[in-house]
Every structure is written in structure tokens, then in C-alpha cells.
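Step one of this worksheet: look at the structure below.
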Amino acid sequence: MREVTQRSILTFFFFNFNLITPSMAGDSITPTQPLKDGQTLISSNETFELGFFTLGDSNNRYVGIWYHKIPNETIVWVANRDNPLVNDSGGVLWIHNDGNLVLIHGSGNVVWSSKIETNSTDSIARIGDDGNFVLTDSTGKLAWQSFDHPTDTILSGMKVGWGLQTGLNRSLTSWRSPNDPSSGDYKFYMDIHGSPQFMLRRLLDSILMFRTGPWNGLGFSGIPEMNVYNMFHYEFIQTQTEVYFTLFMRSDIKTRMILLPTGVLERYVWVEQKQGWNQLWASSKDQCNNYGTCGPNGICNTSDINVCDCLSGFKPKSPKDWYLKDGSDGCLRKTELDCKGDVFVAVSSVKVPDTSNSTVDKEMSLDACRDACAKDCSCTAYATANISSGRGCLMWFGDLWDTRTFVDGVQVIYLRLAASEISQNDKHGHKKKLIGIVAAIVVSIMLLLGSIFCFLWKKKFIKARWGGNKNIYYSDRSSKEGMDLPLFDLDTMKMATDNFSDTNKIGEGGFGPVYKGSLKGDQKIAVKRLSRNSTQGPDEFKNEVVLIAKLQHRNLVRLLGCCIEGDERMLIYEYMPNKSLDTFIFDVTKSPSLAGRTRLDIIMGIARGLVYLHQDSRFRIIHRDLKVSNILLDKEMNPKISDFGLARIFREDHGEANTRRVVGTYGYMSPEYAMDGVFSVKSDVFSFGVLVLEIMSGKKNHGVYQSEIHLNLLAHAWHLWKEGNVLELLDTSMDYSWSISKAIRCIHVGLLCVQERAEDRPTMPCVVTMLSSETVMLPQPRQPGFYARTNDLPPDWPTEQKQESCSINEITMTRIHAR
């Protein structure tokens, strides 16, 4: 901790200025009111103070800024760091008649100046509440500010980076020592070659010590800890005129990032209770943060006992040194590239390699990026530049430096290898594969014999299993094509549900009632009986049977069988004793039983179920009717996604389709689907976002929450978010025994999912990462889709906010009823 050991209380009569005591100094410096040694300026919120100080046993005097009420003053900026006032307590900080701030030695020599071109004769300088020392001209226009000339500290609201037109480089340079603020040996700056990233370099020998990695839409690739605390808000701006990063903090919290004289970058937050600074992060946190620990084409992993490994397709350049745990020489390719037959392999959960030798295209898709890299023989790897939107192309050329892995990492790079590398790996496993093939043949023969045997006694088997009813398995038989499920007869269903009595009715959806039932053996079931005038026709029924029979996941409801007899069509599911989610969150008597932790678990379970549907199952499946009444809860409150009648299957290489028959539920359909019939995985993401906001608020999306402008839940949540009052959205019946930051994070993710443009919404794997790891930084959400209910808008509401409600689509809507 730097301690200001001397603060002179002497005053000095100079240049015919009137003598000004500390109590007369006021809150600004003007041409007629200078700041003399012994006087200070204090920001209006009393957070920062500007004045003269001395460090340790030195006789040198400096002008700087420190925290006003923190013991042992913490210096955050120094004006004359390389030109102190030596043995002089008579310095004056003054506004010269040319409008410049100048620091004058007692002898009359100028030792420091703001060095701006101005002829203002009525300038004024003030210390702001954010710690920014600002000089404005006679018109009030900003002429100079200390935030443009940082020393070793970054404060909230300060830009760090480049002004491309002016050549202004806002960077940090360490102090020489804890008691010497002169420019030291280390510099932290933005490197704008390739994809911009921050570098920490030792100036004496120009050795790189650390780099942040490029901005990936969620944070810097090499600092996944950036969003551990929701009190921080980050912005990365890249335009034709400037490239910079800035951080904003809640006004009641003090934070700073400092480049120490030892070359370590650290972030601190002030803890009032213990009257001390807590360290949140340090660039020296582990060995893998040191630049180039594993050399070119190596990858660093702190979970590995050897720390260093070679990227796939590479081998150690110096095996002996590698064995001795010195990986600085890096790795060489096992097989050189031939350009024509090269392949790409994915390396997951990484800090991407040094982007100084990379190129970036912000708009290119990942597939186009792959094609571009494949066509350029010098391209060695590629990756998505913005993992939040899934767009942008990063390509590397030559060796890959400073790659590392993270336990909770979310970024993937695609590494170029010779095709023979894959073939060689295949040869190594040839023997195992051969054994596997032989085993598979044997198993197939056994299965064939077993199938023949089963065919002969199937009726007896089913009778034993299902209580003697006339059930048979169907596969590829006319209308039962592909069902491969037990088929129950109508008499069995009547017996199981007491002839579909009202006492066994547990709910009713858009397609018909649902009954609780029991099979022999006391197995509890739920019977979904399609009404004769149901909107779910034979195609939807068959679709649900075929789809759900092939899906197996703990967060998807399990289908036990079906019944097709005459006009009757029924689906038999596992019974969910807690019914559907809407019976809890929209019921004032039951919602208090949904603790915050339980709500988070439900949200995570739904998200994992969608990841399975979108990515991990045999098919890519779009649900198209995700809503609270289609989320069932088992006896332990685990969520199960149900009702797949409207779901659609996609091939792996297809992610979007168009339909003239728009089906779904009001309040949950994405804008592009409701208006244009375009649906994709991002349609389910939108519905999921609505679910999240409903779960956290206990309110329905189609309710009105600000009557003066008739906003739905999405717009209401958006208004509260913009106003910084997002906690007002939380269900008042919810307990607060869990983390409030996680509740805010859920709402944040919900707003990201309901953004109007599909390309702005995250994918479900990304959503799971955002929810499960607080180290992943979240981007700021944009305005949600269906911002306000058009029909409810007042007459004087701006016309550009109103949308036509007509549609050429054949729309099927569902009304929500509790199960």
C-alpha cells in the first residue's frame, strides 16, 4: 500500500496571487484561483481528492489524486511523475493565461503542463466524482482530462485503448517502486494488430509478460473471471475512430486496477467493514497466465501435472527439456501441411492464441470462416470472433502462441492438421476397432436370434408386463409407422382412469384433457386424451409419438405407450405428481414453495433439456411450443419438457426453416416465427427466455405491468433493467436464502434470450454456460421482441412503435390451462 507520508500544510505567496488557505480553496482551479501546496480539491461526492503529496522518506513533491476517506491514501494518478518538485513546498498548480494547466516550481519554472492548444482565458479545472481531473474551456467544452493520461491505475469509467484519429494511446506504466511514482519497467497497453487485445510488456527487454486475449463478445478470451461479480459492467468499443475498453462500477463501490512495480496487474475492491482492499484478480494467478509458458504450438493446462502439452498434431521440439517441465521451446508439427487434403480439429475451452498475427472479419459465419481458412494455405487455425452472437471470423497464420485451457472455458478454436494425422490416429486404434467390429457382429447375431425368439412369445411377455391386456409393438405399419412403443387398448385406459372420471382429471391443454391413471402393478401414468375436435391432428399425434419415443433425457418427459382405437388417440406418459410448472409460479398460495434455488434448478433443467434437443440427440429438434404448462415437475421438482406434437426435426446441417402454418402459444412465439413463419433453434431460445422471466417474476408475459403504457412482462423487465431496478422484477414470494447475484444473472440471461433479432440471441449451450458459470461475462441485452402489446398501446404512443397485427399465416394458437 502506498502511503502519503507528508502532506505540507504550508502556503506560498506567488505571482501576486492572493493567499488562499486550504479552507478557501473551493472545488475548482481557475486562472485567478490556483491550487497551492497544502490545499486540496475534493470531489462533490467526497470520494476523490487532488493535491500535493510526498512518498516515504523522499523530499520529492507530486501533484496527484487519491481516495479522500480511505486511510493511508491510495494514489490513483500522478501529474508530474517524472519531474517532481525537489525540496520544494511552494509549488502551485495554476491555469496559465493560454488556458493550459501548469505546475510551477517555487523558482518559477514550469515542471508539468497539460500541453493542449487553446487560447481560452476563462478555463476551469475540477476533480470529478469518478476521479477524473477535467479542464474545460470558457464554453464548457472538454479541453483536457486526466483519464486520457493514466499512470498505473484504471478507474471505473476510464477508457483504456486508442484514439485512432488523434493517436492518443491510453495505457498504464508501472511505478518505479512503491515510493517512486516515476515511469517504471512495465507497460499495459492495447495491441491493435490483428484482433485487438491487451498486452503487459517488460520495457527493459521488450518481453511479453501477459496478454488478455481478444474480446469475444462475452469478455476477454484469457480472463473468464471478468464477470464473477454482477456489480461490474464492461464495454469494448471498436470503430473507425477509436478502439477501447471501459469498465463501469456501481457508484457505492470503490474499485481499481493497478499495474504494480513488479509487473503484476491486479484488481481490487474496497471493503468498508474491514477498511481494506480485497484482491479480486491478478495476472499472476497461475503459471499459464505467463505469456508463452509452453512456447509456440503448445497449450498450457494448470490441471495437468506437466502443465504443458502440445496441440493436437504436434510434438515437443525439445523432448528432454519437455520431460524436465520446460516447455518454452514449444512444439513442431508431426506432419507438414499439404494444403489440399488438410482437415480441422476442434480444441475446446481455450484462451485463443495470440491474435497479433491474425485477421478478423466481424460478419463472416463460422462455416464461411472455415472455407476461407481452408483456401489459404498459410492459415493454421480459425475460430468464431464473437461467441455471443456466433458470428465473426478469426484466422491465424504461422505458429500459435500462448494458448491455454480453462475449466469453464467456452471458446473453441479449429486447428489445421494434415489429413494423414487423422489417418495415423485411426491406425493406432485399428486393432481396437477390429475387436469392436467382431464384437458388434456377435452382438448383432445374438440380437437377431433374440428378436426371433421375442416374436414367438411377445404376447405372453406383454401380458405379463402390462397386466394381460391386448398390447402389441408396432414398427413401420401404415399409420403406426415408426412408433416402436407398446400400444394399449381402450378398455385398459378406461380401467386405468376409472372411465376417464373427472376426479382423475389433472389438467387440460390445447389438444385435450389429461388424466391420472394406474396400471396393474400400481404403476402411475398420465393419459393425454386428444379430443375429437382437437387442433392436434393425426400428423401431430404421430409426430409426437415418433419423436418422443426416440428421445431419452432426464429433463424430457418419458412416453410409455399410446392408444389408437376408433376415433380415440391417447398418449401414455410417466406420471408427474407435481403437475405442471404454471400451477406453482402463477398460484399465490403455491409460489412461496418455489425457493430461489429450486427456480434456478428448474431453469437449468429446462436449458439442459433444450441443449439435448438442439445439439446432443440423434436429431436436431425444434420444440416450437415451449411454455410453462408444457414443463412438468416430478416428485423432486425436476423439470421435464413435454408435448412434442408441434416439434420439427432438422438435419445437422440445417438450422432454419419456413412454414405457412404458424403454430404455438401467444406470448412465447419469437417475432420472426409469429410474423414470417421462420423458425430455428433461436425460436426455442426466445420461448426459453420468456419462461425464465416468468419463473423469476411469478408473472405471465401477457399481463400488463405498467398500465400507463400497457407493457407486457418482456417490456416491463426491459424498463426495469434500463433503470437499474431489476430486483423489482423478482417474485416477492421467493425467499432470498440463495445468491441475489444469481437471480439477477437469470434475468440477464432471460433478456438476452428474448432479444428481437434471432442472431443476437445466444444458443442453448451458451445459455447453459452463462447460467452455470459466474466467470462468464454476459453482454448487454438489446430491446426484446414484442416490446409492447400493440392493441393496448395508447393513441398518443409513437406510431413507429406500433406494428401491424395482421398475418397471412394460418395461425394456431393455444390457451394456457394448468394441468
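Residue numbers (mature numbering (1 follows the signal peptide of the UniProt record, and there is no 0)): -25 to -1, 1 to 794.
Heads up, the beta-carbon is just placed ideally off N, CA and C, and yes, glycines get one too.
Contact between arginine 391 and threonine 355 holds: their C-beta atoms lie close to 5 Å from each other, under 8 Å. As the crow flies, the alpha-carbon of threonine 15 is around 12 Å from that of glutamate 21. Here the C-alpha atom of valine 667 lies approximately 23 Å from the C-alpha atom of glycine 482. Annotated as distal: valine 653 and arginine 736, with beta-carbon spacing of 8 Å or more.
Assignment of tryptophan 376 by DSSP, reduced to helix, strand and coil, places it in the coil class.
Residue burial annotation: glutamate 210 is exposed, with fewer than 16 other C-beta atoms found within 10 angstroms of its C-beta. With contacts defined as CB atoms closer than 8 Å, leucine 556 and proline 461 fail to qualify as a contacting pair.
Taken in chain order, the complete alpha helix (DSSP H) segments of 4 residues or longer contained in the region 288 to 361 are 294 to 298, 341 to 350. With 16 or more other Cβ atoms inside 10 Å of its own Cβ, histidine 723 counts as buried. Cysteine 721: member of the alpha helix (DSSP H) spanning 715 to 728, first to last residue. With respect to alanine 358, valine 327 sits close: the two C-beta atoms are nearer than 8 Å. Valine 246 sits exposed, since fewer than 16 C-beta atoms from the chains shown fall within 10 Å of its C-beta. Close CB contacts of leucine 704 within its chain, under the 7 Å cut and outside five residues either way in sequence, are with Met671, Ser672, Ala692, Leu695, Ile722 (chain order). Unbroken alpha helix (DSSP H) stretches of 4 residues or longer found wholly inside the region 577 to 656: 646 to 651, given in chain order. Of Glu92, Lys44, Val665, Thr707, the smallest CA-CA separation from alanine 690 is found for Val665. Counting only the Cα atoms, aspartate 377 lies some 19 Å from tyrosine 161. Between the alpha carbons of serine 662 and asparagine 530 lies a gap of roughly 17 Å.
The three-state reading of DSSP puts glutamine 262 in helix, counting H, G and I together. The beta carbon of arginine 308 is closer than 7 Å to those of Gly288, Phe289 in its chain, skipping five residues each way along the sequence.
Taking the CA atoms as reference points, glycine 74 sits about 14 Å from arginine 101. In the DSSP assignment, the residues bridged to arginine 391 are Phe319. The beta carbon of glycine 192 lies closer than 7 Å to those of Asn361, Ile362, Ser363, Ser364, Pro754 in the same chain, with the five residues before and after it left out. Around the beta carbon of arginine 599, a 10 Å sphere encloses 16 or more other beta carbons of the protein chains shown; the residue is thus reported as buried. Annotated three-state conformation of glutamate 217 is strand, per DSSP. Our two residues, phenylalanine 619 and leucine 526, have alpha carbons roughly 11 Å apart in a direct line.
Proximity to cysteine 368 across Thr330, Ile45, Ile397, Asp374 peaks at Thr330, based on C-alpha coordinates. Under the DSSP assignment, cysteine 275 falls in the beta strand (DSSP E) whose first and last residues are 273 to 275. Check the Cα spacing between serine 506 and each of Leu494, Tyr490, Gln498, Asp497: the tightest is with Tyr490. Glycine 132 sits in coil when the DSSP states are folded into three classes, being neither helix nor strand. Using a Cβ distance threshold of 8 Å, glycine 103 and isoleucine 40 do not count as a contacting pair. Of all alpha-carbon atoms in Ile70, Asp127, Ser33, Val85, the one lying nearest the alpha-carbon of threonine 49 is that of Asp127. For valine 742, the enclosing alpha helix (DSSP H) stretches over residues 739 to 747. For aspartate 557, the enclosing alpha helix (DSSP H) stretches over residues 557 to 560.
Histidine 691 sits in a helix when the DSSP states are folded into three classes. Unbroken beta strand (DSSP E) runs of no fewer than 3 residues, entirely contained in the region 229 to 257, are found at 230 to 234, 240 to 246, 251 to 257, following chain order.
Here glutamate 210 carries a strand assignment [DSSP, helix/strand/coil].
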